[in-house]
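Written out below as structure tokens is the structure these notes cover.
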Amino acid sequence: MRLSYNWIKKYVEIPDGMDLAKLAYDLTMSTVEVEGMEEIARSFDKMVVGAISDILEHPDADKLKVCKVDIGDQAPVEIVCGGINLRLGMKVAVALPGAKVRWHGEGGLVEIGAAKVRGVQSFGMICASSEIGLFDLFPFTEEATVIDLSEFDALTGTPLAQALGLDDVIIEIDNKSMTNRPDLWGHYGLAREVSAMYNLPLVEFEPFSPPPTQGFVIDIHDSKGCPRYIGVEIDGVSVKPSPFEIQSYIWRVGVRPANAIVDITNYVMLATGQPTHAFDADQVKGSINVRRAAHNEKITLLNGKEAVLSTEDLVIADEVEAIALAGVMGGERDSILPSTRKAILEIANFDAMSVRHTAGKVETRTEAATRYEKAIDPERCDIALSLAMKLFSELFPGLSVTGYCDNYPNKLERKIINVSLGWLEKRLGKHISNEEINNRLALLGFDVVFDGDKMNVTAPTWRSTGDISIQADIMEEIARMYGYDNFEPSSITASFYGAINQVDIDLERSIKEYLAFRCGMIEIFTYPWMADEYMYAILQNNDGLLSLSAPPAPDESYLRPSLLPNLCKAAAKNQHYYDEFAIFETAQVFQDKDYSAVYNPQELLPYQRRHAAGAFVGSGDSADVALLYRKAKGVLEHMPRYTHMEPFSFEKIEKPIWADNVVWSNICLSGAPIGSIALLSKKATLDCGIRNNSVMLFEFDIDSLVPYLSRSNKFAHLPEYPVNEFDISMLFDASIRWEEMHDAIIGQKEEGELLQQALFVDEYRGKQVPEGQKSVMIRLVIGSDSKTLTSSEIESNAQKAINRLEKLFGAELRS
Amino acid sequence: MFSVPCGAPFLFGLIRPGCWLGSSLQDSDSIWEVIIAMIEKLKALLIEGEEQIAAANNEQELQMVRTALLGKQGSITEALKELPKLEASLRSEVGKEANRLKNLFTSQIESRREEIVLKASEISPEFDCTVPGIPPLAGSLHPITQMSYDLNDTFRSLGFEIFQESDITSELYGFDNLNFPPGHPARESMDTYWLAGHESGSGGERLCLRPHLTGASVRYMQSRKPPFRFVYPGRVYRNEATDARHERAFFQYEALVVDEDFKFSAGIVMIKSILSKVFGQDVAVRMRTGFFPFVEPGFEIDMKCLVCGGKGCSVCKHVGWIEIMPGGTPHPNVIKTAGLDPDKYTGFYVNIGLDRLVMMRYGVDDVRLFHSSDIRFLSQFC
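Line by line, the protein sequences are chains A and B.
In terms of the working numbering, the first sequence opens at residue 948 and continues consecutively.
In terms of the working numbering, the second sequence opens at residue 18 and continues consecutively.
Written as structure tokens, this is what we have:
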């Protein structure tokens, strides 16, 4: 919100020479966040009031004139100008060399120099309003109309900003920081806060005393929705322009001037924070009432939109129909027209929830609605009335009040809070004297009565609409006025009941660090929703999925039941930059099932499980598939050991829908599948837009894992005698699996055999290996606990393994 | 050249007849000729061997020389191949001399080997040391994960537990419990991602992707006994348009202490611990008035701009301070929902926007990169 410093000064007596940077800092620390300070005069630097003392024809241009312009102390200057309204003696806005203007009101700012215009030297320019950002204050209909300042008192040479009363500073406040302070949404409110901060006198408004009138009634049918409604019928108004001062004040804080009636209602709102509205009284049929709309009742609003209402919406109506949406916007029918002579001024209070609901429904968040939504106090109507009537009377000297009604059925009670002084001191961590507490709170409009170890605090009306409601609120008022900077940091004290041991939390971190640091994978983050394209590519359907009611994009509505669709999307994206890469993600997945009350019987939450998934992507000939599979499987096989949890096994139980027909295994824990490792099927790969690459995927359920409470592996004695490695290379039928070979060597070992391990080294098919066969290199580890083996003992042990492989599988030793 | 070991010169002794011919001389002239021939060979070998050893320039060459001189089929063996023809006493005399020659060569080869090892590199002098190394495995944790773990470590050291809750929550925990008034704009679908089929109703029936983490604190407190000190990191979701500074999914990190009689001024210590860990230096912090429904009093917490040291620059919008996190004392209604007496229990809460902190840590200028899964970006944080 933009607030004018000069406007604030109308209401609080700020001493001259106030440091504005300090004001901004103090406001930021204790009340609202000041986002910036803008000196309006800066935009009018090197612009002055000039008076035209002579007008000559330009020798070389029909439309241009050469004006002699008096700019104060210096000698008159010559300025070339094409203005169509130039006349002798006219006061104009002169931009001297060095000023920044917008040529013809378009494009960026350009610095003016002393330059020749069609051969004639011009010392600056005579400005049109659009060239210096003042179009709203000096509108024109015909091109090349320059600003006429003849009505202004300023002497020639006066800086333009000063002449226009624009030597002001705009204080920009972050709206978010004042959502809880409805009292601050106007200049008077902020003036009141400044007055409290520095103990400065605040200007009071003189109450308006209405003349006696008859027959003007406002009926309120819903006093909750409308706690107060003041209607004033005023005769003798017209839609002439408002005085320049009113225009310039509302303009500088961002509201475009329109006509006197509308400008005054805006001015009152910006000054007091109380929205006001004016109807053309001649259009109102009968008396005004405030009621809930009928079902499907329609109203055409000021902005031309038609709103269809329900019984939740509050309207202002005459005896025929709704004429305004309460607190949101007036209707078109009864709006102020050029012909308006008699108006009804509305100064009313409406329920915040009701206004918010209606404004949201008709998608019209007006300045008025924004203020009502914050819960304004009904007492504020009085100062708004006072100010409005003062302005109307000044502008329309013949004005008469022909009707007046203040219907106030729902009087606001001031909030009373009991505060324990002991509690206050403990929470503040500091003793503050009763006198100081009283002073601080009194400045803010609170009344304090001390009563032993308690105090009774009565909040002012403008803080009683919800803002102040509990003793912590009072503590905050004291602390912020005392200054948060004045509280010294104190130590955190708490009792310890033992060291923290969270194995389940730590396991996820171990897994992530293992995947990243030991396995060289890169962690990615993707959204919990999926693009339909990847969902169908991987999952093939959307059965049993949860979805968003207002998704980020129409084709991204489903929440993922698996991390793989987004992982594959990431793979497809990165294939453009990398031939080979490995990525992983851990996150929750969701399904529309298994609803359970985890924390609260009233809250049934759906299936949500933490998953981990990874992708190894490489260029795709078949050799790479074998390698990718072994890489991915190696990552999983070693994970339990490195991350300290119960180990996995790999079995074929249920093929994932996205998996290749051959290259897949389930990851099992105690025999039950908790995930899979598999090659992404050819079709899914193509559907994901992945070309010339193989994608090896794994995914498993983290919540199923069982972390060890501590390290579980045992120390093994180092061998006392040498352990020998003996490599053999054998030809097998291609269908024989390594698991079977391993079992033949180690599982079927006989008593006394010194074979300790059989390790897979390599597998080869191709040249020199007959079709349908494969050559497998196996490393036999042979050793004894009691002696160093001779080479013949090593060979004979190896031979036993070879014999079994020959006998069981018809394998053949290669030379 | 190398020096001859002690006992030399020995071969000259061989040609002094009295020294070794002894009683065998009388047998025949042919034996003499054999002996002369052997001596000549050995003499020649002495010179030849010394030259070869000296000429060897590396260990391989030296090994070849060694094999050539001393090996089973080497020159000395070759020179002595007539030896069996001599009678035993002569054989041993000649054999001794041959052994001395072997020993001489052996020690000369060892000396030469030491020389070679000492001064010679076997690597060609053209070896290029500026060639880059082979990188280790390139895996990495997401920069936000790293930041989160850094904070976890800090808070663990202060005795905080880590808590995680699920992404899907309800209006009850997302709003009701946290003192959000009914009709608060954040409850609307334009701000929160409600689940289709669960967007109507109220409280526990209305489900959404969690709009913030704060609801999790109530879950934690309801299921445990005070005092509490815990952190709860996680991702939250807001239905809004994205740009370089706004995301639909972003990461928060909340910390909460709840205890009897906790002073709000102790919160500043908590905040300083976090920031000094993140930025590796002491950071000046200020608390100022801020409003959030679930805290009372509420604060905006600023840190002094590290770029300009508080003088004002473009990073801090010329204010000298950067808004870093909201915080405050949990609202009594929140404490009450957690099943505690708000007159007895209080505490301090902060909510750290991890995305923003990570952006500041590395100078990242577009928040959308965090969910881009672009390895070109992510691999920078190995």
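Note that beta-carbon positions come from the ideal geometry of N, C-alpha and C, so glycine has one too.
Original post:
Can you list the beta strand (DSSP E) stretches of 3 or more residues lying completely in the stretch 238–268 of chain B, in chain order?
Top reply: 245–254
Subject >> First and last residue of the uninterrupted beta strand (DSSP E) at A1745/A >> reply: Element bounds for A1745/A: not the beta strand (DSSP E) but the alpha helix (DSSP H), 1738–1756.
**OP:** Measure the C-alpha to C-alpha separation of D1182/A and E1058/A and round it to an integer number of angstroms.
**Re:** 50 Å
**OP:** For M965/A, I'd like the list of residues in its chain whose CB is within less than 6 Å of its CB, leaving aside the five on either flank, ordered along the chain.
**Re:** none
**OP:** Note down, in chain order, every chain A residue with its Cβ under 7 Å from the Cβ of A54/B.
**Re:** Here the premise fails: no neighbours, minimum Cβ distance about 44 Å.
Original post:
So, are the CB atoms of D1121/A and V1262/A less than 9 Å apart?
Top reply: Using a Cβ distance threshold of 9 Å, D1121/A and V1262/A do not count as a contacting pair.
Original post:
Looking at the C-beta of G1636/A, does it have a partner C-beta in chain B at a distance below 9 Å?
Top reply: no
Original post:
Given 8 Å as the limit, is there contact between the stretch 1290–1301 of chain A and the stretch 1331–1338 of chain A, that is, 3 or more CB pairs closer than that?
Top reply: yes
Original post:
CA-CA distance, E99/B and W49/B?
Top reply: 12 Å
**OP:** Tell me whether D407/B sits in a helix, a strand or coil according to DSSP, three-state version.
**Re:** Outside the displayed range of chain B (18 to 399) lies residue 407/B, so it cannot be described from this structure.
**OP:** Kindly confirm or deny that the stretch 250–268 of chain B and the stretch 382–395 of chain B touch, where touching means at least three C-beta pairs closer than 8 Å.
**Re:** Verdict: yes, contact present.
**OP:** Quick one: grab the DSSP three-state call for C1515/A.
**Re:** helix
**OP:** Run down chain A in chain order and give the residues with a C-beta less than 7 Å from the C-beta of S183/B.
**Re:** Q1535, L1552, Q1555
Original post:
Which of the residues in the stretch 250–279 of chain B, read from start to end, lie with their CB under 7 Å from any CB of chain A?
Top reply: N256, R265, A266, V274, D276, D278
Original post:
Can you tell me whether G1694/A is buried or exposed, with buried defined as 16 or more other CB within 10 angstroms of its CB?
Top reply: exposed
**OP:** Just the chain D side, please: which residues come within less than 8 Å of G1376/A by C-beta, in chain order?
**Re:** You won't find chain D in this structure, because its protein chains are A and B.
Subject >> W1476/A - partner residues in DSSP beta bridges >> reply: L1506/A
Original post:
Contact between the stretch 1649–1657 of chain A and the stretch 1539–1558 of chain A: three or more CB pairs below 8 Å?
Top reply: yes
**OP:** Give every residue of the same chain whose Cβ lies closer than 6 Å to the Cβ of A1484/A, excluding the five residues on either side of it in the sequence, and list them in chain order.
**Re:** Excluding residues within five positions, the ones whose Cβ falls inside 6 Å are A1631, D1634, C1635.
Original post:
Residues of chain B with CB under 7 Å from K1459/A, in chain order?
Top reply: Among the residues of chain B, those whose CB is under 7 Å from the CB of K1459/A are L158, T162, following chain order.
Subject >> At least 3 beta-carbon pairs within less than 8 Å: the stretch 167–179 of chain B vs the stretch 289–297 of chain B >> reply: yes
Original post:
Is it true that the stretch 1251–1269 of chain A meets the stretch 1301–1313 of chain A, where meeting means three or more beta-carbon pairs spaced less than 8 Å apart?
Top reply: In short, these stretches touch, since the Cβ pair count reaches three.
Original post:
Which ranges would you report for the beta strand (DSSP E) in the stretch 288–371 of chain B if only whole runs of at least 3 residues count?
Top reply: Annotation note: the stretch 288–371 of chain B contains the following uninterrupted beta strand (DSSP E) runs of length 3 or greater, listed N- to C-terminal: 302–307, 312–321, 338–347, 362–370.
**OP:** Determine the closest residue to L1492/A out of P1508/A, I1471/A, G1467/A, with distance taken between C-alpha atoms.
**Re:** P1508/A
**OP:** Going by DSSP, name the residue or residues bridged to K1047/A.
**Re:** E1058/A
**OP:** Reducing DSSP to helix, strand and coil, say where Q80/B ends up.
**Re:** helix
Original post:
Does the Cβ of I1208/A have 16 or more other Cβ atoms within 10 Å, making it buried, or fewer, making it exposed?
Top reply: buried
Original post:
Going by other Cβ atoms of all chains shown within 10 Å of its Cβ, with 16 needed for buried, is W1132/A buried or exposed?
Top reply: buried
Subject >> Opening and closing residue of the beta strand (DSSP E) in which H1523/A lies >> reply: First-last for H1523/A: undefined, no H or E at that position.
Subject >> DSSP bridge partner residues for S1676/A (one or two, in chain order) >> reply: M1724/A
Subject >> Contacting positions in the stretch 1691–1709 of chain A - beta carbon closer than 9 Å to chain B >> reply: For the stretch 1691–1709 of chain A, there are no residues whose beta carbon sits under 9 Å from a beta carbon of chain B.
Original post:
Rounded to a whole number of angstroms, what is the C-alpha to C-alpha distance between M304/B and E317/B?
Top reply: 6 Å
**OP:** With a threshold of 16 other CB atoms inside 10 Å of the CB of S1722/A, please say whether the residue is buried or exposed.
**Re:** buried
Subject >> Neighbourhood of P1044/A by C-beta, 6 Å cutoff - its chain only, sequence neighbours within 5 removed >> reply: I1059, G1060, A1061, G1071
Original post:
Where does F281/B land, buried or exposed, given buried means 16+ other C-beta within 10 angstroms?
Top reply: buried
Original post:
Taking just the CA atoms, how far does G1277/A sit from N1250/A?
Top reply: 9 Å
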